[in-house]
Amino acid sequence: MKTEVLLAVVALSYSPLVVAGSEAAYPKEKVAAFVVEKQDLTSLPSEFRPKKEKGKRTLEDYGFTAQRTDENEAIIEAASGVRRLTIKVLDQKSSGIYVCVTEPGENGGDAKAQSVVRLKRKNPNALLKGPESFREFAACPAIGGSDFETNPYGG
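Numbering (this note's numbering), first residue to last: 7 to 161.
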């Protein structure tokens with residue numbers, strides 16, 4: 007009985023450390039730059055991702071570079087200059103980072119496609135993955151793509 011009580015006390019004393027460790031998985035500052043660096047581009051909805059190529063996963067692997075990055079928004083462009091995406095951080099929780107991914111229209115016109123994506127990772131060394139989210143934000147109404155896509159992360 008004493009052993010069980012001791013084990014319970016030890017387990018409870020370590021639980022705040024476990025919770026704090028999971029919250030530290032995402033930065034509190036320069037979140038857009040973090041997303042650009044750590045995002046698995048192949049997990050995005052089909053209208054945003056390039057054709058899959060063996061060994062390529064990140065924006066950098068596919069030749070995208072940040073044209074402008076601030077605290078919560080990044081504009082990235084393909085090396086060819088043909089493709090441009092905007093990634094805007096909408097919300098951040100310990101369960102993931104909600105971003106608005108937008109592909110601008112021709113000559114700065116209306117967006118071709120826009121979608122909310124919840125990015126998350128399984129461990130601190132993993133890339134951020136995130137299919138389309140069903141959570142809606144006024145700052146990012148869905149444009150283009152399908153209304154419902156499979157979301158294995160439940161968001």
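Beta carbons are placed, not taken as given, at the ideal position from N, Cα and C, and that holds for glycine.
What residue from the options has the CA that sits closest to residue i's CA?
| i | options | result |
| --- | --- | --- |
| Thr64 | Asp46, Lys126, Ala80 and Thr108 | Asp46 |
| Gln73 | Glu79, Glu83, Val88 and Asp67 | Glu83 |
| Ile88 | Val42, Ser100 and Glu109 | With the sequence shown as reference, residue 88 is identified as Val, and Ile is not the correct amino acid for it. Selected option, being the one with the closest Cα: Glu109. |
| Ala80 | Ile93, Tyr68, Gly69 and Phe70 | Ile93 |
| Glu53 | Val37, Val107, Thr71 and Val41 | Val107 |
| Asp67 | Thr75, Asn78 and Thr48 | Thr48 |
| Thr71 | Lys62, Lys60, Arg55 and Val42 | Val42 |
| Asn78 | Val105, Lys44 and Gln120 | Val105 |
| Val37 | Asp76, Ser139 and Gln120 | Asp76 |
Determine the extent of the beta strand (DSSP E) in which residue i is found, giving its start and end residues.
| i | result |
| --- | --- |
| Ala117 | First-last for Ala117: undefined, no H or E at that position. |
If you draw a straight line from the C-alpha of residue i to the C-alpha of residue j, how long is it?
| i | j | result |
| --- | --- | --- |
| Phe143 | Val122 | 8 angstroms |
| Lys118 | Ile149 | 7 angstroms |
| Arg141 | Asp97 | 11 angstroms |
| Cys146 | Leu91 | 14 angstroms |
| Ser33 | Gly111 | The sequence given here places Pro at residue 33; Ser does not occur at that position. In a straight line, the C-alpha of Pro33 is about 31 angstroms away from that of Gly111. |
| Lys99 | Gly69 | 29 angstroms |
| Ser28 | Ile103 | Per-residue confidence for Ser28 stands at a pLDDT of 45, beneath the threshold of 50, marking its modelled position as unreliable; no derived number is given. |
| Leu50 | Lys62 | 14 angstroms |
| Glu35 | Lys135 | 20 angstroms |
| Ala39 | Ala85 | 18 angstroms |
| Lys60 | Ser101 | 29 angstroms |
How about residue i and residue j: do their beta carbons lie closer than 8 angstroms?
| i | j | result |
| --- | --- | --- |
| Leu133 | Arg127 | yes |
| Pro130 | Ala31 | yes |
Go to residue i, then tell me how far its alpha helix (DSSP H) extends in each direction, as first and last residue.
| i | result |
| --- | --- |
| Glu53 | First-last for Glu53: undefined, no H or E at that position. |
| Glu43 | Val37 to Lys44 |
What runs of the beta strand (DSSP E), each 3 residues or longer, lie entirely inside the stretch 60-142?
If we require 3 residues or more, the beta strand (DSSP E) runs fully inside the stretch 60-142 come out as 70-75, 79-84, 90-99, 102-109 and 119-125.
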